[in-house]
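Residue numbers for the sequence shown follow my numbering, beginning at 2 and rising by one. We treat Cβ as the ideally placed atom computed from N, Cα and C, and that holds for glycine.
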Amino acid sequence: MKKIYPALVLSLLMAVSLIRGAEHYDVVVYGGTPGGIASAVSAAREGASVILLEQTNHVGGLSTSGLNRDEGNHMIRWTLGGISERFTREAARRSGTDPDTERARIWVSRIAEELFLEMLEEQDIPVAYEQLIEGVEMDGPKIKVLKTRGGDGYLAKIFIDATYEGDLLAAAGVSYTVGRESRDTYNESMAGVRYMDEKIKVSPYDANGKLLPGIMPGRPPKEFSASPVPLSYNVRLNLSLDPANQASIEKPEGYEPRQYELLVGSFQSGEIKEINQILALYPMPDDKRECNNRQFSIVSLSMPGEQTPWAESSFEEREVIHKKYRDYTHGLLWFLKTDPRVPAGMREDMAQYGFCKDEWQDNDHWPWYLYIRAARRMQGEYILTQADVITSTDKKNVIHIGSHYIDAHHVTRYAVDQDHYINEGRIWQEGVPFDIPYGVITPKSEECENLLVPVCASTSAVAQCTIRLEPTWMHLGEVSGIAATMSIKNQSSVQDIDVAELQERIKAVGIPLKQLSL
Numbered sequence: 002m003k004k005i006y007p008a009l010v011l012s013l014l015m016a017v018s019l020i021r022g023a024e025h026y027d028v029v030v031y032g033g034t035p036g037g038i039a040s041a042v043s044a045a046r047e048g049a050s051v052i053l054l055e056q057t058n059h060v061g062g063l064s065t066s067g068l069n070r071d072e073g074n075h076m077i078r079w080t081l082g083g084i085s086e087r088f089t090r091e092a093a094r095r096s097g098t099d100p101d102t103e104r105a106r107i108w109v110s111r112i113a114e115e116l117f118l119e120m121l122e123e124q125d126i127p128v129a130y131e132q133l134i135e136g137v138e139m140d141g142p143k144i145k146v147l148k149t150r151g152g153d154g155y156l157a158k159i160f161i162d163a164t165y166e167g168d169l170l171a172a173a174g175v176s177y178t179v180g181r182e183s184r185d186t187y188n189e190s191m192a193g194v195r196y197m198d199e200k201i202k203v204s205p206y207d208a209n210g211k212l213l214p215g216i217m218p219g220r221p222p223k224e225f226s227a228s229p230v231p232l233s234y235n236v237r238l239n240l241s242l243d244p245a246n247q248a249s250i251e252k253p254e255g256y257e258p259r260q261y262e263l264l265v266g267s268f269q270s271g272e273i274k275e276i277n278q279i280l281a282l283y284p285m286p287d288d289k290r291e292c293n294n295r296q297f298s299i300v301s302l303s304m305p306g307e308q309t310p311w312a313e314s315s316f317e318e319r320e321v322i323h324k325k326y327r328d329y330t331h332g333l334l335w336f337l338k339t340d341p342r343v344p345a346g347m348r349e350d351m352a353q354y355g356f357c358k359d360e361w362q363d364n365d366h367w368p369w370y371l372y373i374r375a376a377r378r379m380q381g382e383y384i385l386t387q388a389d390v391i392t393s394t395d396k397k398n399v400i401h402i403g404s405h406y407i408d409a410h411h412v413t414r415y416a417v418d419q420d421h422y423i424n425e426g427r428i429w430q431e432g433v434p435f436d437i438p439y440g441v442i443t444p445k446s447e448e449c450e451n452l453l454v455p456v457c458a459s460t461s462a463v464a465q466c467t468i469r470l471e472p473t474w475m476h477l478g479e480v481s482g483i484a485a486t487m488s489i490k491n492q493s494s495v496q497d498i499d500v501a502e503l504q505e506r507i508k509a510v511g512i513p514l515k516q517l518s519l
């Protein structure tokens, strides 16, 4: 393993010599997401000694857990580069799809994991699995040691939080928020509670007058008001149409068809007639389909409101929530396949599918990760808002150009009256290329001087809807790796590095920073 800055390392080691069992690195990356992998590879490429700590038994986050595309059809291709482009092109090529497409590049989850592991091995980066953060030891505004369950400790000069939840930044006492701000907080027209879609003429109550599953208690909140509920979550799985590669979809334990009663009313009204009105089924190699929550669906794979406690929950509580989503998804597939109230044509369509036998073989063919669209959001040196991604798009200290649609699936669902319910929270708006400034990935200097946050970055809920894509997080991760090594070399806080020098290095590794004329 490479080591740099020996004099600094020696002095730091002496200062912490009494920390039992601590491992010493220049950079510790917590979270083996694509953004975390890009952070680690980037820092190691710049000469740092790095370790990657992953919470599960597998690296890759959603890119190896069912999100099998780069969303290039909703982004502007020239804004992408660096490690992200290397990964998506090679993953597509190895999966037998077109790496040169102007649409979305598509890959297979197990191939993506193989590629990520190769990228880490190329830079001699060790990966420690099942590393669940217990806490941190601080030295003033600096993280001294990251402590994990079981007593392991990791000491570094710079730490990078690349988790979807922001567990490290929270442990370090860095300011953050969860949920959605009101329209007034940052003067954002798309903020807060939103009723983009019409109410649905289906009763939200059962015959006994009880709310059906999927309907949140209480009256619909005031439009544009703040909400504690973040963007929706779901299991993003793969299904197979090839009988030779199918694991059968059987009746799940504890199956309760009442969970899907809202769909029955939409079948009876004729509003839902096809499977693709419920499930987003994207073609993949080998007769597979990537199965996601349908953005505009009345009812799909999300569970409105169930995502609310995730960010602040313990690891054990998150496992319970994850299982609830998995059980709901399994039950929905069985319901669509077998329930006599489902139109016959839809049942026949669903009966063609099975789980992919060659994916996630150590997890009963279910993805390892739940699709966490948003959890904690750091409140750092600069908070990116709707204005930054729509109107005031040019920034002097730009580190990446974003371009994805402002994209939020339905978040909550409420009864309007005895005969109607309404879905809330959806946003779908094409944007323009916009500059992401360096302050979005740095905490306030008085809170922490040696932490970078490329995933749970400093944004409003609206702006987070456009940067919450794995390619964007990989770009911000790559920048974090470069910034980390600059901070070490210059013996400065992450906030005080020379951003102009950082920008030159960003461009040198192939990440565009200049807006092109469209």
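- Annotation for residue 474: the continuous alpha helix (DSSP H) segment containing it runs 471-491.
- Contact between the region 353-370 and the region 41-48 is absent: fewer than three C-beta pairs spanning the two stretches fall below 8 Å.
- Fewer than three beta-carbon pairs drawn from the region 439-449 and the region 201-218 are found closer than 8 Å, and the two stretches are therefore not classed as touching.
- The C-alpha of residue 422 is placed about 20 Å away from the C-alpha of residue 342.
- By the neighbour-count criterion, in which 16 or more other beta carbons inside 10 Å mark a residue as buried, residue 160 falls on the buried side.
- One thing to note: residue 464 has its Cβ within 8 Å of the Cβ of residue 387.
- Inclusion of residue 514 and residue 402 in the CB contact set at 8 Å is warranted, their separation being smaller than that value.
- Inside the region 133-162, DSSP marks whole beta strand (DSSP E) runs of 3 or more residues at positions 134-140, 143-149 and 154-162, from first to last along the chain.
- When the beta-carbon positions are compared, residue 477 and residue 501 stay at least 8 Å from each other.
- Residue 33 counts as buried, since at least 16 other C-beta atoms from the protein chains shown sit within 10 angstroms of its C-beta.
- According to DSSP, residue pairing for residue 430 in a beta bridge involves 407.
- Of all alpha-carbon atoms in 506, 470, 484 and 498, the one lying nearest the alpha-carbon of residue 36 is that of 470.
- Around the Cβ of residue 277, a 10 Å sphere holds fewer than 16 other Cβ atoms; the residue is exposed.
- By the neighbour-count definition (other C-beta atoms within 10 Å, threshold 16), residue 271 is an exposed residue.
- Burial state of residue 249 is exposed, judged by a 10 Å Cβ sphere holding fewer than 16 other Cβ atoms.
- If you draw a straight line from the Cα of residue 282 to the Cα of residue 292, it comes to about 5 Å.
- Nearest C-alpha to residue 378 among 181, 480 and 90: 181.
- In the DSSP assignment, residue 172 falls within the unbroken alpha helix (DSSP H) covering 168-172.
- In the structure shown, residue 177 adopts extended strand secondary structure according to DSSP, grouped into three states.
- Rounded to whole angstroms, residue 258 and residue 73 show a C-alpha spacing of 37 Å.
- Going by beta carbons, residue 157 and residue 452 fall outside the 8 Å limit.
- Closest by C-alpha distance to residue 337, out of 289, 274 and 309, is 274.
- Residue 421 is bridged by DSSP to 418.
- In this chain, residue 397 is not harboured by any alpha helix (DSSP H), its DSSP state being neither H nor E.
- Using a Cβ distance threshold of 8 Å, residue 434 and residue 89 do not count as a contacting pair.
- Here the region 288-308 makes contact with the region 223-239; the two share three or more CB pairs at distances below 8 Å.
- Nearest Cα to residue 360 within the set 454, 241, 150 and 162: 241.
- Its Cα nearest to that of residue 46, the residue 126 stands out among 60, 126 and 75.
- Around the beta carbon of residue 305, a 10 Å sphere encloses 16 or more other beta carbons of the protein chains shown; the residue is thus reported as buried.
- Taking C-alpha positions only, residue 108 is separated from residue 63 by approximately 12 Å.
- Under the DSSP assignment, residue 110 falls in the alpha helix (DSSP H) whose first and last residues are 110-123.
- Closest in alpha carbon position to residue 243, among 356, 31 and 413, is 356.
- A buried status is given to residue 166, since no fewer than 16 other beta-carbon atoms sit within 10 Å of its beta-carbon.
- Judged by beta-carbon spacing, residue 117 lies beyond the 8 Å limit of residue 152, meaning their Cβ atoms are not closer than that value.
- Per DSSP, the beta bridge partners of residue 289 are 241 and 285.
- Around the beta carbon of residue 436, 16 or more other beta carbons sit within 10 angstroms, so the residue counts as buried.
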